[in-house]
Every structure is written in C-alpha cells, then in structure tokens.
Amino acid sequence: AREAKRSEAERRQLTVMFIDLVGSTELAARLDPEDLREVMRAYQAACAGVIGRFEGHVAKFLGDGVLAYFGWPQAHEDDAERAVRAGLAAVEGIGRLPVGTEARLAARIGIATGQVVVGDLTSQDAADKDSVTGETPNLAARLQALAEPGTVVISQATRNLIGGLFELDDLGPQRLKGFAEPLAVWRVSGESRLESRFEALHGRRFTPLVGRKHEIALLLECWAHAKNRDGQVVLLNG
Numbered sequence: 005a006r007e008a009k010r011s012e013a014e015r016r017q018l019t020v021m022f023i024d025l026v027g028s029t030e031l032a033a034r035l036d037p038e039d040l041r042e043v044m045r046a047y048q049a050a051c052a053g054v055i056g057r058f059e060g061h062v063a064k065f066l067g068d069g070v071l072a073y074f075g076w077p078q079a080h081e082d083d084a085e086r087a088v089r090a091g092l093a094a095v096e097g098i099g100r101l102p103v104g105t106e107a108r109l110a111a112r113i114g115i116a117t118g119q120v121v122v123g124d125l126t127s128q129d130a131a132d133k134d135s136v137t138g139e140t141p142n143l144a145a146r147l148q149a150l151a152e153p154g155t156v157v158i159s160q161a162t163r164n165l166i167g168g169l170f171e172l173d174d175l176g177p178q179r180l181k182g183f184a185e186p187l188a189v190w191r192v193s194g195e196s197r198l199e200s201r202f203e204a205l206h207g208r209r210f211t212p213l214v215g216r217k218h219e220i221a222l223l224l225e226c227w228a229h230a231k232n233r234d235g236q237v238v239l240l241n242g
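The numbering of the sequence shown is our numbering, which starts it at 5 and goes up by one.
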C-alpha cells in the first residue's frame with residue numbers, strides 16, 4: 005500500500021541539494037582503479053550518512069555527484085535548515101576522508117528551494133519514483149557549479165527560509181544558464197552567532213498589532229502583577 009501511494013505524483017515544496025566531488029577526473033588518473041573504487045564508496049557513504057542524519061532522502065548517485073531531497077518523502081517544517089546543516093556537515097566530512105595521497109577530497113554543494121512535482125515520469129513498468137519536475141533541481145545544479153570547492157551555495161528562497169541561523173555571504177545577482185534573469189545567490193560560511201533561535205528565524209519581522217489596545221493593556225497589567233509575584237494566567241486564542 006505504501007509503495008502504491010509513493011508511485012503517485014505529488015506537488016511539494018522541496019529543498020534540493022546537489023553535491024559534486026571536485027577533481028574526480030584527476031583523482032582517477034592518480035589512483036589505482038580499486039583504490040579509486042574504495043574512495044568513491046567512502047565518499048558516497050559519507051554523503052548518504054550526513055543526508056540521512058538530517059532526515060533527507062538520497063534520490064540518486066550520479067557518478068561523482070549526489071542528488072538529495074529535503075521535504076520528500078518525509079516533510080519537516082525546517083527542511084531548508086536541515087539541508088544547509090547537512091551541506092556544511094558534508095563539506096567538512098568529505099574533506100576528512102582518507103585518499104591515500106597528499107591531496108584532500110573537496111565537494112561543492114548547491115541548494116535550492118521551490119515548488120516541484122515529485123513522482124513517476126514514465127510508465128508503471130519503468131517508473132522513476134524519485135523524479136522531480138520543476139526548475140528547482142536545475143537551479144540547485146547551477147548553484148553547485150557556481151560554488152567554490154569546499155563551499156555551500158544557496159538560492160534566495162532557501163535563504164529566506166533559514167533566516168539568520170547561518171552566516172551568509174551575499175554573492176550578488178548571478179547569471180545562471182537556463183534562467184533569463186540574474187538570481188540572488190548566497191554562500192553559507194557557517195553557523196550564526198545569534199544566541200536565540202527565535203531571533204535568528206524571525207529577526208524584527210513582526211506583524212504589527214492593529215486595534216488591540218485594550219488587549220495589550222490587559223496583558224501589560226497581568227505582566228505587572230506577575231512581576232510583583234501575583235501569579236497570572238492568560239489564555240490567547242487565535
């Protein structure tokens with residue numbers, strides 16, 4: 005029953021991650037094929053482990069690339085945040101993998117968020133249940149190509165969802181192949197220094213209260229009593 009349900013196409017907001025191993029051609033030229041196979045297995049295992057730890061879904065291994073979804077088949081309110089954390093952890097973990105030479109592995113990662121349709125694109129006999137249609141996967145792939153080795157680059161939509169949880173470098177509008185207009189692009193440099201998660205996610209973007217002077221006065225009066233050790237209970241319903 006679960007398999008039948010997963011075979012149906014769904015419209016979702018999805019955060020898509022593309023991971024690319026930098027310099028895989030040069031690596032293949034330096035290593036014995038069996039050694040290269042072990043390195044690639046370790047690389048893929050590291051990617052899958054990090055993605056799984058943040059409850060993402062590995063959709064495909066594409067040679068030296070990895071395609072992952074955050075938001076399908078399991079959705080979370082903070083999928084964009086999970087994807088960025090997974091990207092930072094993947095960059096760090098891949099950089100620590102033993103290669104057997106003086107060189108170090110490095111990955112570049114692109115992350116984009118948007119509306120997609122995920123599900124079968126072909127007949128039932130040859131279905132790709134992890135196929136995604138929409139511009140989001142293409143954007144993530146372009147961002148990955150734009151990223152420097154060892155960095156994570158995200159789209160504007162992803163940036164909007166993560167608030168101030170991470171330190172970001174504005175790379176400015178970038179012209180990406182397949183997109184008519186320049187797009188805002190951000191590089192993630194690390195975790196935010198803000199102590200409050202609420203402040204990081206919402207900042208000062210509060211919706212103003214209109215026509216609630218009486219209610220606000222009542223809340224302030226209750227707060228004044230509470231500060232004077234006169235316990236108060238307020239029920240907000242909305």
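Beta carbons are placed, not taken as given, at the ideal position from N, Cα and C, and that holds for glycine.
Rounded C-alpha distance that separates residue i from residue j
{"i": "Leu71", "j": "Glu195", "result": "23 Å"}
{"i": "Arg230", "j": "Gly60", "result": "The question names Arg, but residue 230 is Ala in the sequence shown. Each residue's alpha carbon lies about 44 Å from the other."}
{"i": "Arg34", "j": "Pro102", "result": "14 Å"}
{"i": "Leu25", "j": "Ala87", "result": "18 Å"}
{"i": "Asn164", "j": "Ile158", "result": "10 Å"}
{"i": "Lys217", "j": "Leu224", "result": "11 Å"}
{"i": "Glu171", "j": "Tyr47", "result": "26 Å"}
{"i": "Leu240", "j": "Arg197", "result": "32 Å"}
{"i": "Ala38", "j": "Ala49", "result": "Reading the sequence as shown, one finds Glu at residue 38 and not Ala. Straight-line Cα distance between these residues: approximately 17 Å."}
{"i": "Trp76", "j": "Val136", "result": "10 Å"}
{"i": "Arg233", "j": "Gln178", "result": "57 Å"}
{"i": "Thr162", "j": "Trp227", "result": "38 Å"}
{"i": "Arg100", "j": "Asp174", "result": "27 Å"}
Start and end residues, alpha helix (DSSP H) containing residue i
{"i": "Pro37", "result": "37-57"}
{"i": "Ser28", "result": "28-34"}
{"i": "Leu66", "result": "It is not in any alpha helix (DSSP H) - Leu66 instead sits in the beta strand (DSSP E) that spans 61-66."}
{"i": "Val88", "result": "83-99"}
{"i": "Leu222", "result": "217-231"}
{"i": "Leu109", "result": "First-last for Leu109: undefined, no H or E at that position."}
{"i": "Asn241", "result": "Run containing Asn241: none; DSSP gives neither H nor E here."}
{"i": "Ala144", "result": "140-150"}
For residue i: DSSP bridge partner residues
{"i": "Thr19", "result": "Phe74, Thr117"}
{"i": "Glu14", "result": "Val122"}
{"i": "Ile166", "result": "DSSP, once it has assigned bridges, lists no residue as partnering Ile166."}
{"i": "Arg191", "result": "Val157, Asp173"}
{"i": "Leu25", "result": "Ala111"}
Limits of the unbroken beta strand (DSSP E) element including residue i
{"i": "Lys181", "result": "First-last for Lys181: undefined, no H or E at that position."}
{"i": "Ser135", "result": "Run containing Ser135: none; DSSP gives neither H nor E here."}
{"i": "Ser159", "result": "156-159"}
Rounded distance between the beta-carbons of residue j and residue i, thought under 8 Å
{"i": "Val95", "j": "Ile113", "result": "6 Å"}
{"i": "Ala188", "j": "Gln148", "result": "Contact flag wrong, Cβ pair sits at about 16 Å."}
{"i": "Arg15", "j": "Gln119", "result": "7 Å"}
{"i": "Val54", "j": "Ala79", "result": "That belief does not hold up - the Cβ atoms of Val54 and Ala79 are roughly 19 Å apart, past 8 Å."}
Next on the checklist: So, does the segment 19-33 touch the segment 138-146, judging by three or more C-beta pairs under 8 Å?
Outcome noted: Contact holds: three or more Cβ-Cβ distances are below 8 Å.
Checklist entry - Does the count of Cβ pairs from the segment 45-62 and the segment 82-101 closer than 8 Å reach three? => result Judged by Cβ distances under 8 Å, the segment 45-62 makes contact with the segment 82-101, as three or more pairs qualify.
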